[in-house]
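Undergrad: Could you have a look at this structure, given as structure tokens, before my questions?
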Amino acid sequence: MIPEIGHYALILALSLAIIQAIVPLAGSYTNTHSWMALSRPLVWGQLLFLTLSTAVLANAFLANDFSVIYVAQHGNTKLPDLYKISAVWGAHEGSLLLWAFLLAAWSAAIALFSRNLPLPVVARVLSVMGMISIGFLLFLLLTSNPFDRTFPVPFEGRELNPMLQDPGLAIHPPLLYMGYVGFSVAFAFSIAALLGGKLDASWARWSRPWTTVAWVFLTVGIALGSWWAYYELGWGGWWFWDPVENASLMPWLIGTALMHSLAVTEKRGAFKSWTVLLALFAFSLSLLGTFLVRSGVLTSVHSFASDPERGVFILAFLLIAIGGSLLLYAWRAPYISGGGRFDLISRETFLLGNNLLLSVLAGLILLGTLAPLIYDAMEWGKISVGFPWFNKMFVLLTPFLALLMGVGSISRWKHTDASFLVKQLKVAFIISMVFGLLTLLPMFSGGNLMVGLGMGLAMWVVTSHLVNVKERLKHKAGFNGFLRDLSGGGRSYYGMILAHMGVAMFIVGVTMVSNYGIEQDIRMSPGDTADIAGYEFKFEGVSEFPGPNYNAHRGRFLISKDGKQIAILLPEKRTYFVQTRPMTEAGIDWGLTRDLYVSLGESLGGGDWSMRLYYKPYIRWIWIAAIFMGLGGLLAISDRRYRTARKRASSTSTLAAGSSTPAAAESHS
Amino acid sequence: MSRYLRFLVPLAIFAVIAAFLFKGLDENYNPRAIPSPLIGKPVPEFSLPLLEQPDTQITNKDLLGKVYLLNVWATWCVSCRAEHETLVQLGRMNKVDIYGLNWKDDRVAAQAWLRQLGNPYAANIFDKKGRTAIDLGVYGAPETFLVDAQGIIRYKHAGPVSPDLIRDKILPMVAELKKKG
Numbered sequence: 002m003i004p005e006i007g008h009y010a011l012i013l014a015l016s017l018a019i020i021q022a023i024v025p026l027a028g029s030y031t032n033t034h035s036w037m038a039l040s041r042p043l044v045w046g047q048l049l050f051l052t053l054s055t056a057v058l059a060n061a062f063l064a065n066d067f068s069v070i071y072v073a074q075h076g077n078t079k080l081p082d083l084y085k086i087s088a089v090w091g092a093h094e095g096s097l098l099l100w101a102f103l104l105a106a107w108s109a110a111i112a113l114f115s116r117n118l119p120l121p122v123v124a125r126v127l128s129v130m131g132m133i134s135i136g137f138l139l140f141l142l143l144t145s146n147p148f149d150r151t152f153p154v155p156f157e158g159r160e161l162n163p164m165l166q167d168p169g170l171a172i173h174p175p176l177l178y179m180g181y182v183g184f185s186v187a188f189a190f191s192i193a194a195l196l197g198g199k200l201d202a203s204w205a206r207w208s209r210p211w212t213t214v215a216w217v218f219l220t221v222g223i224a225l226g227s228w229w230a231y232y233e234l235g236w237g238g239w240w241f242w243d244p245v246e247n248a249s250l251m252p253w254l255i256g257t258a259l260m261h262s263l264a265v266t267e268k269r270g271a272f273k274s275w276t277v278l279l280a281l282f283a284f285s286l287s288l289l290g291t292f293l294v295r296s297g298v299l300t301s302v303h304s305f306a307s308d309p310e311r312g313v314f315i316l317a318f319l320l321i322a323i324g325g326s327l328l329l330y331a332w333r334a335p336y337i338s339g340g341g342r343f344d345l346i347s348r349e350t351f352l353l354g355n356n357l358l359l360s361v362l363a364g365l366i367l368l369g370t371l372a373p374l375i376y377d378a379m380e381w382g383k384i385s386v387g388f389p390w391f392n393k394m395f396v397l398l399t400p401f402l403a404l405l406m407g408v409g410s411i412s413r414w415k416h417t418d419a420s421f422l423v424k425q426l427k428v429a430f431i432i433s434m435v436f437g438l439l440t441l442l443p444m445f446s447g448g449n450l451m452v453g454l455g456m457g458l459a460m461w462v463v464t465s466h467l468v469n470v471k472e473r474l475k476h477k478a479g480f481n482g483f484l485r486d487l488s489g490g491g492r493s494y495y496g497m498i499l500a501h502m503g504v505a506m507f508i509v510g511v512t513m514v515s516n517y518g519i520e521q522d523i524r525m526s527p528g529d530t531a532d533i534a535g536y537e538f539k540f541e542g543v544s545e546f547p548g549p550n551y552n553a554h555r556g557r558f559l560i561s562k563d564g565k566q567i568a569i570l571l572p573e574k575r576t577y578f579v580q581t582r583p584m585t586e587a588g589i590d591w592g593l594t595r596d597l598y599v600s601l602g603e604s605l606g607g608g609d610w611s612m613r614l615y616y617k618p619y620i621r622w623i624w625i626a627a628i629f630m631g632l633g634g635l636l637a638i639s640d641r642r643y644r645t646a647r648k649r650a651s652s653t654s655t656l657a658a659g660s661s662t663p664a665a666a667e668s669h670s
Numbered sequence: 475m476s477r478y479l480r481f482l483v484p485l486a487i488f489a490v491i492a493a494f495l496f497k498g499l500d501e502n503y504n505p506r507a508i509p510s511p512l513i514g515k516p517v518p519e520f521s522l523p524l525l526e527q528p529d530t531q532i533t534n535k536d537l538l539g540k541v542y543l544l545n546v547w548a549t550w551c552v553s554c555r556a557e558h559e560t561l562v563q564l565g566r567m568n569k570v571d572i573y574g575l576n577w578k579d580d581r582v583a584a585q586a587w588l589r590q591l592g593n594p595y596a597a598n599i600f601d602k603k604g605r606t607a608i609d610l611g612v613y614g615a616p617e618t619f620l621v622d623a624q625g626i627i628r629y630k631h632a633g634p635v636s637p638d639l640i641r642d643k644i645l646p647m648v649a650e651l652k653k654k655g
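Read top to bottom, the protein sequences are chains A and B. Numbering follows the numbering used here, with no gaps: position 291 of the first sequence is 292. Numbering follows the numbering used here, with no gaps: position 33 of the second sequence is 507.
Have a look at this one:
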């Protein structure tokens, strides 16, 4: 009986979503206050029912209710409780439910934090959220009901995919989805603004913190996925250009462009139609990712069970959501007034360059990801676009991004003197060049140009931003000024600095690990030793031990350097009882400057095993970079500006939708 | 005019992408369909017990002389359950014999499955160790092979077969192969 409650709750949520999509929107046109005011309670109701629905599914897993097909397929009595919960979003149906739930949660967040927004804007934004919600709830109810029953009831569940039984992966999907779904807010704000016909600085100001929060979730979610792949798949890699990874990277790139473009729109009123377009695309690409993962159109290690019926549904949904919004854009955008003018050398120009580069990168990934599909459709044969192509494109374009970052963040709005830039950045440029050239010396890389380029660029990002901070503090009376800055309106500025430092760390990490990483596949007998990068790996043998729902072979390695033991590594090879697939758990000794990584291969008989041994310099910097970016984003949204903006807007809340508050004319954002 | 056209560009790009995605949903498009090296080659030799009668062996030679489908399935395979009803329907049509290759399965569970869901198979080959499946190049159940009277594999489909696939692809091929004899 309980699972049916979850099912009914879904239906009720759908009913509320339908009302939410229509009534407040209609109210915003007829200026009927009560209709518009209905949007908030409707959102709360939807959140309530979807929370109930999700809780019911989680309960079914915890109670081992195998009469529910979804639970029978992914649950098991022996599954640890943590993974019973994460199994809720471990496969197609449940993860869609999570999508719908998070969408309701974001809608509720808008309802909560929009007290000071004009009511017509709130009504339209929440109506758009309601429309998206209808799409997902219909998809759930018509093709992917997680509460479907089966009879006779199986005695035992087929258990969650062992690959997903990992703490990192338990929280990776919710974070990632928070990011995907979060872009729906910027999307809804844009649609509402297009409908209302007014796009201005206040629209950009409202959208900014929401976009940043979504971006922070997406950043951390992607990084967590990458980290998981690194230690769980046993290949020692951190990014595989898998279609599903690409599906998350595209919205990230467009979201990054959107954040920067919103800054221009808020401060200068420029790029309006471009910003709207980015907002539409960021969410569209999130939806496209959902389509790619679930329709079986592309092969990927992540694919959910594919089903043509679902594919057709999602495609129809995409056509309505993306096609409809782009049609609206084509109709309304020509009437958006152009913003403030700017000179060729100005912050606007550099941000535009950044925007274009990020969009081109996203476009290239889309092309590479869809290439197998395009080739087949055009009957050009089979193709698989892999590693080398994506890497080449990125190495080709990202250096320009890093260069622009240093110049753009120090430039002034509207107009910057070339001589000012030269004067400010001269020293940073020379230091970076010298540093880059130094790394080419024989004792470092011996002329590896990629290393020189990477290290030089990282140094450039760091030094140009240091100059930037110094320049800012010159006018703020030193350290005290810095503290005052941090407590008040300077947070978004320091958030930017912090996130950009993350980019520098990322460049260092990628450069080091790609050029100095060592990997060795070898056969070892107990007692053997292997030397890698000055570290001695001594293999002591493999023993067996039981886990809660698996048996494991556990290898034991003593790692020593210069005769001194520094670590014991215990890589595992697990065989799960139900889904008899072997899983590797790498043994890793991590450090800030290097990881030592051992993964067990196959038993070769007589106690011998094949092994993979890795030395991964600076690989942690890649994920720490993501933490820096995330913290930067959080610091930025805590800026006083957004809070005062809200107060200011409250006094004008009787004005019509999109009425503008004057854009702050600070020179630094 | 061009002022307005400019804003239609994103929509146009999306339309092109959507067209490709739609094409990708086509039943005949399968991203996993790596052309099987076995097409045009004979069914690999095997000698295995029947699922229904453990002491009766069946070999590839026993199947010579007729056009048949070889369907790889198992009770642990969720997609096989989805596919099963389609196979039962096909069995009722009496147009082609279906042989099952019961792959790495539990004999009791497999027999119970057939009793419960219906048995469309002329016979089931019980491949407990999965050796013949390896020879066939199977990398996931369900997979279906179409074999002609000379024992040559003519077509292979990875993943569940659908009623459309049977109507549009498999049955026409069966008719053609039967004509050739």
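For glycine and all other residues, C-beta sits at the position ideal for the given N, C-alpha and C. Note that the coordinates shown come from a computational prediction; the quantities given were computed from them, not determined experimentally.
Taking the C-alpha atoms as reference points, what is the distance between Leu-487(A) and Tyr-495(A)?
TA: In the first sequence, residue 487(A) corresponds to position 486, counting from 1. In the first sequence, residue 495(A) corresponds to position 494, counting from 1. Cα to Cα, Leu-487(A) sits roughly 8 Å from Tyr-495(A).
Undergrad: Looking only at its own chain, which residues have a Cβ that is under 7 Å from the Cβ of Glu-667(A), when we skip the five neighbours before and after it?
TA: Position 666 of the first sequence, counted from the first residue, corresponds to residue 667(A). Note that Glu-667(A) has pLDDT 35, beneath the 50 cutoff, so the model's placement of it is unreliable and the number below is only indicative. Answer for Glu-667(A): no residue qualifies.
Undergrad: Under the three-state reduction of DSSP, which class applies to Thr-33(A): helix, strand or coil?
TA: Along the first sequence, one-based indexing puts residue 33(A) at 32. Coil.
Undergrad: Among all the DSSP beta bridges, which residues are the ones paired with Trp-591(A)?
TA: Here residue 591(A) is taken as the residue at index 590 of the first sequence, counted from 1. Note: Trp-591(A) sits in no beta bridge, so no partner.
Undergrad: Hey, could you find the ends of the beta strand (DSSP E) Phe-546(A) is sitting in?
TA: For the purposes of this step, residue 546(A) is taken as the residue at position 545 of the first sequence. First-last of the beta strand (DSSP E) with Phe-546(A): 536-547.
Undergrad: With Arg-524(A) as the anchor, note down where its beta strand (DSSP E) starts and where it stops.
TA: By one-based count along the first sequence, residue 524(A) stands at place 523. Run containing Arg-524(A): 519-525, per the beta strand (DSSP E) assignment.
Undergrad: Buried or exposed for Ala-271(A), please, with buried defined as at least 16 other CB atoms from any protein chain shown within 10 angstroms of its CB.
TA: Taking the first sequence and counting its residues from 1, one reaches residue 271(A) at position 270. When all chains shown are included, Ala-271(A) counts as buried.
Undergrad: Start and end of the alpha helix (DSSP H) containing His-476(A)?
TA: The residue given as residue 476(A) occupies position 475 in the first sequence. Note, His-476(A): premise wrong, no alpha helix (DSSP H); not H, not E.
Undergrad: CA-CA distance, Trp-229(A) and Ser-600(A)?
TA: The residue labelled residue 229(A) in the question sits at position 228 within the first sequence. The residue labelled residue 600(A) in the question sits at position 599 within the first sequence. Rounded to whole angstroms, Trp-229(A) to Ser-600(A) spans 14 Å at the Cα level.
Undergrad: Let's test the definition: count the other Cβ atoms within 10 Å of the Cβ of Asp-642(B) and tell me whether it reaches 16, buried, or not, exposed.
TA: In the second sequence, residue 642(B) corresponds to position 168, counting from 1. By the 10 Å Cβ count, Asp-642(B) comes out exposed.
Undergrad: Among the candidates Gly-354(A), Gly-7(A), Lys-85(A), whose CA atom is the shortest distance from the CA of Thr-52(A)?
TA: As a working mapping, residue 52(A) is identified with position 51 in the first sequence. The shortest C-alpha separation from Thr-52(A) is found at Gly-7(A).
Undergrad: Check the C-beta distance from Pro-244(A) over to Leu-293(A) and give it rounded, since I have them as a contact under 8 Å.
TA: The residue labelled residue 244(A) in the question sits at position 243 within the first sequence. The residue labelled residue 293(A) in the question sits at position 292 within the first sequence. With 8 Å as the limit, Pro-244(A) and Leu-293(A) qualify as a contact, their Cβ atoms being about 6 Å apart.
Undergrad: Verify the CB distance criterion: does Gly-539(B) have a CB-CB separation below 7 Å to chain A?
TA: Residue mapping note: residue 539(B) aligns to position 65 of the second sequence, counting from 1. Not an interface residue.
Undergrad: Looking at Thr-657(B): is its Cβ nearer than 7 Å to the Cβ of Ala-596(B)?
TA: Only positions 475 to 655 of chain B appear in this structure, which leaves residue 657(B) out of reach.
Undergrad: Excluding sequence positions up to five away, which residues of its chain have a Cβ less than 7 Å from the Cβ of Trp-207(A)?
TA: Stepping through the first sequence from its first residue, residue 207(A) is reached at position 206. Cβ within range, chain order: Leu-118, Phe-190.
Undergrad: If the cut-off is 8 Å on Cβ atoms, which residues from the segment 231-259 of chain A count as contacting chain B, listed in chain order?
TA: none
Undergrad: Which same chain residues, not among the five before or five after Gly-514(B), have their C-beta less than 8 Å away from its C-beta?
TA: Locating residue 514(B) in the second sequence gives position 40, where the first residue counts as 1. Same-chain partners within the cutoff: Ile-626, Ile-627, Arg-628.
Undergrad: Going by the beta-carbon positions, is the gap between Ala-92(A) and Gly-76(A) smaller than 7 Å?
TA: Residue 92(A) sits at position 91 when you count from the first residue of the first sequence. Residue 76(A) sits at position 75 when you count from the first residue of the first sequence. Going by C-beta atoms, Ala-92(A) is not nearer than 7 Å to Gly-76(A).
Undergrad: Following the continuous beta strand (DSSP E) through His-631(B), name the residue where it begins and the one where it ends.
TA: On the second sequence, position 157 is the one that residue 631(B) refers to. 627-632 is the span of the beta strand (DSSP E), which, as asked, contains His-631(B).
Undergrad: Using only CA atoms, which one of Gly-158(A), Thr-144(A), Ile-172(A), Ala-403(A) lies nearest to Leu-83(A)?
TA: For this step, residue 83(A) is matched to residue 82 along the first sequence. Closest by alpha carbon: Ile-172(A).
Undergrad: Of the choices Lys-569(B), Ile-599(B), Gln-590(B), whose alpha-carbon is the least far from that of Leu-544(B)?
TA: What you label residue 544(B) is simply residue 70 of the second sequence in a count that begins at 1. Among Lys-569(B), Ile-599(B), Gln-590(B), the Cα nearest to that of Leu-544(B) belongs to Ile-599(B).
Undergrad: Would you kindly work out how many angstroms separate the C-alpha atoms of Leu-98(A) and Val-265(A), rounded to a whole number?
TA: Position 97 of the first sequence, counting from 1, holds the residue named residue 98(A). Position 264 of the first sequence, counting from 1, holds the residue named residue 265(A). If I take the Cα positions, the gap works out to 36 Å.
Undergrad: Could you round the C-beta distance between Trp-461(A) and Ser-433(A) to whole angstroms and report it? I think they count as a contact, below 8 Å.
TA: Looking up residue 461(A) in the first sequence gives position 460. Looking up residue 433(A) in the first sequence gives position 432. Between Trp-461(A) and Ser-433(A) the beta-carbon gap is near 4 Å, inside 8 Å, which marks them as a contact.
Undergrad: Sort Tyr-542(B), Leu-479(B), Ala-492(B) by Cα distance to Gln-624(B) and report the nearest one.
TA: Residue numbering aside, residue 624(B) sits at position 150 when the second sequence is read from its first letter. Cα-wise, what sits closest to Gln-624(B) is Tyr-542(B).
Undergrad: Apart from the five residues on each side of it in sequence, which residues of its chain come closer than 8 Å, Cβ to Cβ, to Leu-467(A)?
TA: Along the first sequence, read from residue 1 onward, the residue named residue 467(A) stands at position 466. Same-chain partners within the cutoff: Ala-429.
Undergrad: So that I know if they touch, is there some Cβ in chain B lying closer than 7 Å to that of Ala-205(A)?
TA: Here residue 205(A) refers to the residue found at position 204 when the first sequence is read from its first residue. So, not an interface residue.
Undergrad: Mind checking the segment 632-648 of chain B against chain A and listing, in chain order, the residues whose C-beta falls within less than 7 Å of any C-beta there?
TA: none
Undergrad: Is the separation between the beta-carbon of Gly-634(A) and that of Trp-204(A) shorter than 7 Å?
TA: Sequence index remark: in the first sequence, residue 634(A) carries index 633 (1-based). Sequence index remark: in the first sequence, residue 204(A) carries index 203 (1-based). Contact flag unset, no.
Undergrad: Suppose contacts are defined by Cβ-Cβ distances below 7 Å. Is Tyr-551(A) in contact with Arg-575(A) by that definition?
TA: Taking the first residue of the first sequence as position 1, residue 551(A) is located at position 550. Taking the first residue of the first sequence as position 1, residue 575(A) is located at position 574. Cβ atoms of Tyr-551(A) and Arg-575(A): closer than 7 Å.
Undergrad: If we ignore side chains and look at the alpha-carbon of each, how far apart do Lys-424(A) and Leu-405(A) end up?
TA: On the first sequence, position 423 is the one that residue 424(A) refers to. On the first sequence, position 404 is the one that residue 405(A) refers to. The alpha-carbon separation between Lys-424(A) and Leu-405(A) amounts to approximately 16 Å.
Undergrad: Using CA coordinates, which residue listed in Pro-618(A), Ser-128(A), Pro-147(A) is at the minimum distance from Glu-5(A)?
TA: As a first step, residue 5(A) is located in the first sequence; it is residue number 4 there, counting from the start. Selected option, being the one with the closest Cα: Pro-147(A).
Undergrad: Between the segment 518-532 of chain B and the segment 399-415 of chain A, can you find at least three pairs of beta-carbon atoms closer than 8 Å?
TA: no
Undergrad: Which partner residues does Glu-573(A) have in the DSSP bridge list?
TA: Here residue 573(A) refers to the residue found at position 572 of the first sequence. Arg-555(A), Glu-586(A), per the DSSP bridge assignment.
Undergrad: Please classify Lys-523(B): does DSSP put it in a helix, a strand, or coil?
TA: Residue numbering aside, residue 523(B) sits at position 49 when the second sequence is read from its first letter. According to the sequence provided, residue 523(B) is Pro. The question's Lys does not apply to it. In the structure shown, Pro-523(B) sits in a strand (DSSP, three-state: E or B).
Undergrad: So the candidates are Trp-239(A), Gly-489(A), Thr-213(A), Gly-235(A); which of them puts its Cα closest to the Cα of Leu-225(A)?
TA: Position 224 of the first sequence, counting from 1, holds the residue named residue 225(A). Of Trp-239(A), Gly-489(A), Thr-213(A), Gly-235(A), the residue nearest in Cα terms is Trp-239(A).
Undergrad: Along the segment 11-45 of chain A, what residues have a CB closer than 8 Å to any CB found in chain B?
TA: none
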